[in-house]
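Peer 1:
2 protein chains.
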Amino acid sequence: MKMNNMKCEIDNWLKTYFSDKGTYNKIIYESMEYSLEAGGKRIRPILMIFTYNIYKRDYKKILPIACALEMIHTYSLIHDDLPCMDDDDLRRGKPTNHKMFGEAVAVLAGDGLLNEASNLMFDYCRNNISKNNLDACTVISKAAGVDGMIAGQVVDIINEGKDISEEELCYMHINKTGQLIKSAIVSGALLANAHVNDINILKEFGEKLGLAFQIKDDILDVIGNAELLGKNIKSDDNKDKNTFVSKFGLEKCKELCENLTLECLELLDKILKDTKILKEMTLFLLKREF
Amino acid sequence: MKMNNMKCEIDNWLKTYFSDKGTYNKIIYESMEYSLEAGGKRIRPILMIFTYNIYKRDYKKILPIACALEMIHTYSLIHDDLPCMDDDDLRRGKPTNHKMFGEAVAVLAGDGLLNEASNLMFDYCRNNISKNNLDACTVISKAAGVDGMIAGQVVDIINEGKDISEEELCYMHINKTGQLIKSAIVSGALLANAHVNDINILKEFGEKLGLAFQIKDDILDVIGNAELLGKNIKSDDNKDKNTFVSKFGLEKCKELCENLTLECLELLDKILKDTKILKEMTLFLLKREF
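Structure (structure tokens):
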């Protein structure tokens, strides 16, 4: 299954999941759907499913968990874009959620997506009771939390305009983006009941991939194609954000990103299964232009 | 175990849970703790534990789930108070979270508490794997979500200054407050492996109690003691909010509240166990002055 086909499948699952729901609260569904359908590459759910597919073929079973992860990612974007946070008007080339629905509904739509992700995960675990499934959901939930994605976000926000140490910058990036990407891979392996040795390799792979992904994001923010990115480039620079590029410079970042990608590929070689599609995805993430 | 003792136990659990946590992200812990420790009556966790106690005595075991519910309640208050929502400066007599920590951190602290509640629930289920435990957490998570508490909040926000139907008002209140209170009771019974007949009775009890609680809230907003409430009375009226009192008048509301309370007590009589403490709590909630 190619990336693009999988993306379509995820898009469809998300599209139908919310349809015809809601009564007096219809606007919250419209608002959540709006941001979910605004596109995005669906990298996290695809990574989860491709990792799962190393071990098992019945990936349709875990679509609800993969889409829960996408909901968590989407909620974080809605809240990040709020006027009190990054104050962005555009996301993926479309008006941000609060520009369309107002701030109050945008806050609630973010809350709703995070909450719906939990609903999906609890439902999955109820219908497929096992320690591994619960571990997978725990990994996702913790990666999203105050010692994961939210930690990265808070360190980012409180340090705008301030110069932070390399250590703090790494902490911020590993948490803000890396944790959720890592959780996609680790949870995919757990849901597939992969051997603990493989899970440990995939943990390391996920960490490196997450970091490479964020460095690439910072690079694209400086040299990327605004049209493809669907947002203004140099937006981080304009906001006086701490980024890898502002800290280490462009060339060093490109080198870091390539080295991490090579290390990712070497780690996948240690898994005695067919990891071709994950390797392709790793290279895609490095070479992407948006 | 009396209500006050149980409240202390919950306060202590919450106080120690977050202590010494965080590194670069310390401010998010401070912000979450600030709102968690701002007091409150801890009605939801106490209701859960008292319901559990009808069947089992080892209530300390479920303190993490009870406190997860309090975290969900607290996150909803932080987000409700935001300038783009109810724009409140005071909560329980203290400055609201965003007044202390700024809007960005307040948004993230709310997100963090909702997320931490999920972490606690997944951890509990991993360490105590059973269908009933997963059902209990599902009940809580759904009650908090877009067809529960968030639905009530969104209907409230989008209808400020508009006259809504009785049906919509009930929908709003049942969801905004009632669902979480009902979930406290139903999850307490599920965690204790209560018989399905009892669970059905307790569902009905929880529904009526939740509604009575919200009507009482509306009454207190009009005639309550501002000092005890820790907020300005008539705040709903000032904001042109739809409330039971604005719809049905004060006398009718008092009558409704008393009738619901009587129905609650009758339902508890159908349970062939000692429900004295839940009855006391029901009466306390009716007679409270703050």
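Heads up: the protein sequence lines correspond to chains A and B, in order. Counting in this note's numbering, the first sequence runs from 1 upward without gaps. Counting in this note's numbering, the second sequence runs from 1001 upward without gaps. Glycine included, C-beta positions come from ideal geometry on N, C-alpha and C. Computed from a prediction, not measured in an experiment: that's the story for all the values here.
1) Give a yes or no on whether 9 Å exceeds the smallest Cβ distance from A:F118 to chain B.
2) With a threshold of 9 Å between beta carbons, is B:C1125 in contact with chain A?
3) Classify B:E1266: buried if its beta carbon has 16 or more other beta carbons within 10 angstroms, exposed otherwise.
4) Indicate whether at least one CB of chain B lies closer than 9 Å to the CB of A:A144.
5) Mind checking if A:D274 is an interface residue toward chain B, Cβ cutoff 9 Å exclusive?
6) With a cut-off of 9 Å, does the C-beta of B:H975 fall near any C-beta of chain A?
7) According to the Cβ coordinates, are A:G178 and A:Q153 closer than 9 Å?
8) For the putative contact between B:M1071 and B:A1117, defined by C-beta atoms under 8 Å, what is the C-beta separation to the nearest angstrom?
9) Under the assumption that A:V155 contacts B:Y1024 (Cβ atoms under 8 Å), give the Cβ distance between them as a whole number of angstroms.
10) Checking contacts by CB at 9 Å: is B:Y1075 closer than that to chain A?
11) Please name the residue in A:K26, A:D111, A:K279, A:L36 whose C-alpha comes closest to that of B:S1141.
12) Note the first and the last residue of the continuous alpha helix (DSSP H) segment covering A:T138.
13) Quick one: grab the DSSP three-state call for A:K94.
14) Starting from A:L134, find everything on chain B with Cβ-Cβ shorter than 8 Å and list it in chain order.
15) Could you check whether the Cβ of A:C137 sits closer than 9 Å to any Cβ belonging to chain B?
16) Considering A:H173, what are the terminal residues of the alpha helix (DSSP H) in which it resides?
17) So for A:F122, helix, strand or coil by DSSP?
18) Within a Cβ cutoff of 7 Å, which residues of the same chain sit near A:N175, ignoring the five residues on either side of it in sequence?
19) Rounding to the nearest angstrom, what Cα-Cα distance links A:S76 and B:D1089 in this structure?
20) Which chain A residues are close to B:C1257, counting only those with a beta carbon under 8 Å from its beta carbon?
21) May I ask you to verify whether the stretch 1157-1164 of chain B touches the stretch 1128-1144 of chain B, counting CB pairs closer than 8 Å and requiring at least 3?
22) So, does the stretch 43-63 of chain A touch the stretch 184-200 of chain A, judging by three or more C-beta pairs under 8 Å?
23) Give a yes or no on whether the C-beta atoms belonging to A:D218 and A:C170 are separated by under 9 Å.
24) Can you name the residues of chain B whose CB is closer than 7 Å to the CB of A:G112?
25) What are the complete alpha helix (DSSP H) segments, minimum 4 residues, inside the stretch 188-263 of chain A?
26) Does A:K21 come within less than 9 Å of chain B when only Cβ atoms are used?
27) Straight-line CA distance for A:V146 to A:V139?
28) Determine the direct distance from the alpha carbon of B:F1050 to that of B:K1002, and round the result to whole angstroms.
29) Under 8 Å: do the stretch 1191-1204 of chain B and the stretch 1237-1251 of chain B share three or more Cβ pairs, one atom per stretch?
30) Could you tell me if A:G93 is buried or exposed, where buried requires 16 or more neighbouring beta carbons within 10 angstroms of its beta carbon?
31) Can you find a CB in chain C that lies within less than 9 Å of the CB of A:M48?
32) Give the DSSP-derived three-state secondary structure of B:I1271 in the structure shown.
33) Would you tell me roughly how many angstroms separate the C-alpha atoms of A:L14 and B:F1290, rounded to the nearest one?
34) Mind checking B:D1274: buried by the 16 CB within 10 Å criterion, or exposed?
35) Is it buried or exposed, B:D1080, if we count other Cβ atoms within 10 angstroms and call 16 or more buried?
36) Run the CB neighbour count on A:G224, radius 10 Å, all protein chains shown included, and call it buried at 16 or more, exposed below.
Peer 2: The short version:
1) The displayed chain sequence assigns Ser, not Phe, to residue 118 of chain A. Closer than 9 Å to some Cβ of chain B, the Cβ of A:S118 qualifies, so yes.
2) yes
3) exposed
4) yes
5) no
6) Any question about residue 975 of chain B goes unanswered here, given that chain B covers just 1001 to 1290.
7) no
8) 4 Å
9) That pair is a contact at about 5 Å.
10) yes
11) For B:S1141, the nearest C-alpha among the options comes from A:D111.
12) 131-144
13) Three-state result, A:K94: strand.
14) F1122, C1125, R1126, I1129
15) yes
16) Note, A:H173: alpha helix (DSSP H), 166-173.
17) helix
18) G148, M149, A151, G152
19) 26 Å
20) Near B:C1257 there are no residues of chain A at all, since even the closest Cβ is about 23 Å away, more than 8 Å.
21) no
22) yes
23) no
24) G1145, V1146, I1150
25) 196-223, 226-229, 235-238, 244-248
26) yes
27) Taking the straight line from one Cα to the other gives about 13 Å.
28) Each residue's alpha carbon lies about 10 Å from the other.
29) no
30) Exposed.
31) The chain inventory of the structure shown lacks chain C, comprising the protein chains A and B.
32) coil
33) Cα-Cα distance, rounded: 43 Å.
34) Under the 10 Å beta carbon count, B:D1274 is surrounded by fewer than 16 other beta carbons and is classified as exposed.
35) buried
36) buried
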